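Okay, so the sequence shown: first residue is 122 according to our numbering, each after it adds one.
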Amino acid sequence: MAGGELIKFDVFFDYQCPFVYRAAGLLDAVRRSGQRNLDVGWRYFSLTQVNSKDDVWTVWGAPASEKVRGRFAFQAAEAARRQERFDEFHRGLLLARHRDRLEIDDVSVVEHVAAEAGLGIERFRRDVADPSILDALARDHREAVTVHGVFGTPTLVFADGASAYVRLAESAAENGVLEVFDRVVTVAAAEPRILEIKRPHKP
Numbered sequence: 122m123a124g125g126e127l128i129k130f131d132v133f134f135d136y137q138c139p140f141v142y143r144a145a146g147l148l149d150a151v152r153r154s155g156q157r158n159l160d161v162g163w164r165y166f167s168l169t170q171v172n173s174k175d176d177v178w179t180v181w182g183a184p185a186s187e188k189v190r191g192r193f194a195f196q197a198a199e200a201a202r203r204q205e206r207f208d209e210f211h212r213g214l215l216l217a218r219h220r221d222r223l224e225i226d227d228v229s230v231v232e233h234v235a236a237e238a239g240l241g242i243e244r245f246r247r248d249v250a251d252p253s254i255l256d257a258l259a260r261d262h263r264e265a266v267t268v269h270g271v272f273g274t275p276t277l278v279f280a281d282g283a284s285a286y287v288r289l290a291e292s293a294a295e296n297g298v299l300e301v302f303d304r305v306v307t308v309a310a311a312e313p314r315i316l317e318i319k320r321p322h323k324p
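The following block contains the structure:
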């Protein structure tokens, strides 16, 4: 795969998902290598929503007083976008959840990540409280389901519409990152004849 070629794709994600954390680690490692030209769009997809058995209820439409797993993280991420600090916040919140094992529905945890990412906390609080902050989640999630058929995270969607749900091993971001990344892109974006590969778990 040519190093200067622009590789553009969206990743539908939920902060609760450990496989999103692994994918983000791989993409960070690839970007740091300077050997691939990436344009990654991080798009929201709620696992709480997709696993709900209520056809009417939505994560984004539920009252603010209702505790909804994972919703606050999406609100916070969109608030970070409003301050143009999404990448820093996104990385920090994934680390808080999956490396440090912190509870990301806890406001104090998320606000600490926001401060570390350089966000102004007073504005952050105002934006999180803005009811329209969830519009982006509603838009992304609906598009994921109705246009791309997304069912889980992380799902990569390329410019030509090719898509793939990808689960990486923990070691994916440690060794041979370019090789792993190139293979993922080759299968996900360039080989439409392969519909699914699933490894059985040995008993």
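For glycine and all other residues, C-beta sits at the position ideal for the given N, C-alpha and C.
Predicted model only: the values in this text are computed from it and were never measured.
- Let me know the secondary structure DSSP gives residue 294 once reduced to three states. Numbered from 1 along the sequence shown, position 173 holds the residue referred to as residue 294. Secondary structure at residue 294: helix, using DSSP grouped into helix, strand and coil.
- Message: Would residue 143 and residue 289 qualify as a contact pair, given that the criterion is a beta-carbon distance under 8 Å?
- Response: Mapped onto the sequence shown, residue 143 falls at position 22. Mapped onto the sequence shown, residue 289 falls at position 168. Yes. Within cutoff.
- Task: May I ask you to report which of helix, strand or coil DSSP gives residue 183?
- Result: Translated into positions along the sequence shown, residue 183 becomes position 62. Secondary structure of residue 183 (DSSP, three-state): coil.
- Task: Label residue 125 either buried or exposed according to how many other C-beta atoms from any shown protein chain fall within 10 Å of its C-beta, with 16 as the threshold for buried.
- Result: Position 4 of the sequence shown, counted from the start, is the residue given in the question as residue 125. By the 10 Å Cβ count, residue 125 comes out exposed.
- Message: To test your reading of the DSSP string, which unbroken alpha helix (DSSP H) runs of 4 or more residues are found completely within the stretch 140-227?
- Response: Counting only unbroken stretches of 4 or more residues, the alpha helix (DSSP H) elements lying wholly within the stretch 140-227 are 168-171, 192-203, 207-219, in sequence order.
- Name the two residues that bound the continuous beta strand (DSSP E) containing residue 281. On the sequence shown, residue 281 is found 160 positions in, with the first residue counted as 1. Here residue 281 belongs to no beta strand (DSSP E), and DSSP marks it neither H nor E.
- Would you report the Cα separation of residue 193 and residue 225, rounded to the nearest angstrom? Along the sequence shown, one-based indexing puts residue 193 at 72. Along the sequence shown, one-based indexing puts residue 225 at 104. Distance between the alpha carbons of residue 193 and residue 225: 8 Å.
- Near residue 280, what residues of its chain come up, given a Cβ to Cβ distance below 8 Å and the 5 sequence neighbours on each side ignored? Residue 280 sits at position 159 when you count from the first residue of the sequence shown. For residue 280, same chain residues with a beta-carbon under 8 Å away, outside a window of 5 residues either side, are 129, 130 in chain order.
- Message: When you compare the CB positions of residue 308 and residue 294, do they come within less than 8 Å of one another, or not?
- Response: In the sequence shown, residue 308 corresponds to position 187, counting from 1. In the sequence shown, residue 294 corresponds to position 173, counting from 1. With respect to the 8 Å criterion, residue 308 and residue 294 are not classified as neighbours on the basis of their beta carbons.
- Assumed close pair residue 262, residue 137 - CB separation to whole angstroms, cut-off 8 Å: Within the sequence shown, numbered from 1, the residue matching residue 262 stands at position 141. Within the sequence shown, numbered from 1, the residue matching residue 137 stands at position 16. Going by Cβ atoms, the distance from residue 262 to residue 137 rounds to 14 Å, so no, they are not a contact pair.
- Message: In the DSSP assignment, the beta strand (DSSP E) including residue 128 goes from what residue to what residue?
- Response: Residue 128 sits at position 7 when you count from the first residue of the sequence shown. 127-134 is the extent of the beta strand (DSSP E) around residue 128.
- residue 255 to residue 180, Cα distance in whole Å? Indexing the sequence shown from 1 puts residue 255 at position 134. Indexing the sequence shown from 1 puts residue 180 at position 59. Straight-line Cα distance between these residues: approximately 9 Å.
- Message: Does residue 252 pass the burial test, meaning 16 or more other C-beta atoms within 10 Å, or should it be called exposed?
- Response: Reading the sequence shown from its first residue, position 131 is the one you call residue 252. Exposed.
- For the alpha helix (DSSP H) containing residue 257, list its first residue and its last residue. Locating residue 257 in the sequence shown gives position 136, counting from the first residue. Residue 257 -> alpha helix (DSSP H) spans 256-267.
- Verify whether the separation of the beta carbon atoms of residue 200 and residue 245 is less than 8 Å. For the purposes of this step, residue 200 is identified with residue 79 of the sequence shown, where counting begins at 1. For the purposes of this step, residue 245 is identified with residue 124 of the sequence shown, where counting begins at 1. Their beta carbons are under 8 Å apart, which means residue 200 touches residue 245 by this criterion.
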